[in-house]
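Undergrad: Quick one: structure below, then a few questions.
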Amino acid sequence: MDSQTKIAEPVAPHGYTPEKDALRKRLNRIEGQVRGVARMVDEDKYCIDILTQISAINAALHKVSLQLVEDHISHCVVGAAEESLNTGDPSIVQDKISEATAAISRLLR
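So for the sequence shown, this note's numbering puts the first residue at 3; every next one is plus one.
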């Protein structure tokens with residue numbers, strides 16, 4: 003890469019930045035739950051109890067995912083819409099919408 007080549011910078015920081023502490027707390031709690039499940043397996047705990055804990059972990063991850071999707075739409079997609087209006091380039095917002103749609107599709111699998 004020569005001195006003239008520039009790396010594209012995002013227009014604005016990601017939308018979850020203000021929620022970072024809350025997201026980290028949730029993720030740390032989930033991490034603790036996963037460690038607890040591993041310990042339950044090591045200790046040969048009752049299968050249904052393990053499955054109950056796994057269900058709780060899945061629900062917690064689902065909540066984190068929904069928060070990230072909400073933040074992405076309210077910040078990144080809205081920002082792209084504003085940029086599209088300012089530049090007259092509708093592909094900017096279309097790209098963000100496609101990106102969000104693909105992410106939601108992956109979450110629903």
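The beta carbon of each residue, even a glycine, is placed where N, CA and C say it ideally should be. The structure displayed is predicted, hence computed values, not measured ones.
Run through DSSP, which three-state label would D23 get?
TA: D23 falls in the helix class under three-state DSSP.
Undergrad: With distance defined between alpha-carbon atoms, name the residue in E72, I50, Q55, V43 nearest to L25.
TA: Nearest C-alpha to L25: E72.
Undergrad: Rounded to whole angstroms, what is the Cα-Cα separation between Q69 and C49?
TA: Straight-line Cα distance between these residues: approximately 30 Å.
Undergrad: Figure out for me which residue from D46, M42, T89, A58 has the closest Cα to the Cα of R28.
TA: The residue with the shortest Cα to Cα distance from R28 is A58.
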